[in-house]
Every structure is written in structure tokens, then in C-alpha cells.
Amino acid sequence: MATVLITGAAGFIGRALTTALNGPHYVVALDLREVPEAQRITGVTYVAADIGDPKLGELFRTYQPQTVVHLASVVAAGGDPARDYAIDVLGTKNVLEASLAAGARQIVVTSSGAAYGYRADNPVPLRESDPLRGNEDFPYSKHKRLVEEMLAEWREKYPQLKQTVFRPCTVLGPGTNNQITAIFARPVVVGLSGTTTPFSLISESDVVAALAKAVNETRDGVFNLAGDGTLSLREIANLLGKRFLPLPPALLKTALWIFKTLRLTNLGPEHVKFIQYRPVLANEKLKSEFGYTPQYDAAAVFQRYLESSRQ
């Protein structure tokens, strides 16, 4: 039975993946948070540890995983850039070094479509061969790009450590609660004039299935993770039965500058591009080369989320 070590195992995706892999594999679930006994799965080994710990390599060597699934990351934009860099970039470097030291054969990493950057001239859709241009003034996007640049260097230097890198779009599932769903939760859905704000969406179950397939079949490569189609912010507002209010980008930037100055939000004017230039991800390579077709398209993903949020 192969050993699989999952970082960020107490998170939304991590818990589901732990369940999916437990049994066929011996799973070591690592997270900064201690998992309460009542929430633990029989047969899984739970470890509370920081991916930034200099002694992470010793811990990895204790369990000698054949595969490492690296899910631990910053999940929200607008925090402390230095802290976020330490988690996303330096933490990933530490995990890579620990994996290599422990003799792991494969590492599976969840990056983000944000690595492409939020730019007006992005191709539609974005394919895996397109350049990564994570925005310098948007730390979340920048850090994802830096992580991928590091991964590319490691593929050249250490080919014995196979890499499967996923670039997911917006992930929605029952119970999802993040900065994206906060947009949907407001009484009025605020958007931007001059753009449709198309959202690529993927269900949490499709993300887990793709991750499990990567582990079970040792599939290496870089793949976008997105369901078919997109939903515009106006279409999302209609599905929610809410009013859609498109604002000029300049007005929203001014409002965010004021709110951030007053410490009413962590988001600044630079985050307007997060809505203005949504990366739309192609999924042909996921289907043809990786061999996985998402079960839900964008409309079905949102419908599942909507039904669960109303229960």
C-alpha cells in the first residue's frame, strides 16, 4: 500500500481527498490545524505541522510518502503580502525539498488560474501553453506565478520527482465560503461596466476526482481545471434572483481606496482587476491528455452550489 501525504488536509478539498484516497492508500493528513478526534477518519494518520517548518524534511522522512499532494496555500486575496509569500512560495519550496529528501516519486500541486494574471489582453480561453503573467501589484496572482516558475525549475533539475500541476478556476461546492461567494451573498450583485465578468467554474467533486486520478495513475503534466462553459456575473445575479449593478471601474477603485484607507476592507484599488479581467480557462488538455472530463459544466456547478446554500 503506497503512502500519500497531503498538506492542507484539513481544508475543504483536503478533507474530501483524504476520504477518497483512504483505503487504497495509506494517507498522512498534514495541516497547521489540529483535527479534532471526532472528525478523524479511521486508518488516516493526522499530523499538525507548519509547511514552513525547517524540520519538515525530517517529518517527511519519517513517513516516506511515495506521493505528496500539496494543497496548503493562501486562499484569500488581500492579506499580509509578506505572510502570504512565506506560505505560498517559501512553503512550497520547503515541501518540494522535503519531498525530494524523503524519496517521493511524485508531487501533485494545486496552483491557480490566477497564475496567468488578470489582464485585458489575456487570450480567451487561456491554455496551458500561454505565458504566466501573474500581476506584480496583486500578491495572490504574483505568488502563484512565482510558485509555478519554481516548479518549472524543479522539473528541469529533479526529473525523478514527477509533477502534476493543476490550475483550478473558481471552485464551488456545498458549503463554499470565500471572497467569491461573498460577491454572490450581497443583496445586490455588484459588477463592472464594460465587461461581462465571465466565471470559469469547477465543482469541488471534480477537483477531488482529478486529484485522486493524478495520485492513482501517477499522471504528470500541467493542466487547467475547469468545467465547460462560463457564467457571467449578470447571469449569476439572475440565477440568484438579485439585482445586478454594474459600476464604472474607476468608481469602484475610488470606493475601495476610501474603504481601505478607513480600514473597512483589506482589498484595494488593485483588486478591481480580479473582477474586471477574469481568466477563462480551456479544459481540452485536461480531457484529452490527462483523461478527465469534468462531470459538471459551469451552469451545473453554480446550480449545485445554489441549492446547497438554500438548504
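Under the numbering used here, the residue at position 263 of the sequence shown is numbered 379, and the numbers go up by one with no gaps.
Virtual Cβ for every residue (Gly too), placed ideally from N, Cα, C.
When the alpha-carbon of TYR234 is set against those of LEU327, GLU269, ASN251 and ALA165, the nearest one is in ASN251. Under the three-state reduction of DSSP output, GLN222 falls in the strand class. Within the DSSP bridge table, the entry for TYR142 names THR119 as partners. Just measuring C-alpha positions, the residue of ALA371, PHE300 and ASN332 sitting nearest GLU351 is PHE300. Put simply, the backbone Cα of LEU242 is about 19 Å away from that of SER319. Nearest C-alpha to PHE128 among SER189, ASN138, GLN182 and LYS171: SER189.
In the displayed model, SER319 falls within a strand according to three-state DSSP. With fewer than three CB-CB distances shorter than 8 Å, the segment 195-208 does not count as touching the segment 295-311. For the pair ALA236 and SER257, the CB atoms are not nearer than the 8 Å cut-off.
The beta carbons of CYS285 and LEU317 sit closer together than 8 Å. Straight-line spacing of the CA atoms in LYS171 and ALA214 works out to 9 Å. Of the candidates ARG335, ILE167, ALA154 and HIS387, ILE167 places its Cα closest to the Cα of LEU121.
Cβ-Cβ separation between LYS278 and ARG221: approximately 6 Å, consistent with a contact (criterion under 8 Å). Per DSSP, the beta bridge partners of ASP147 are ALA164.
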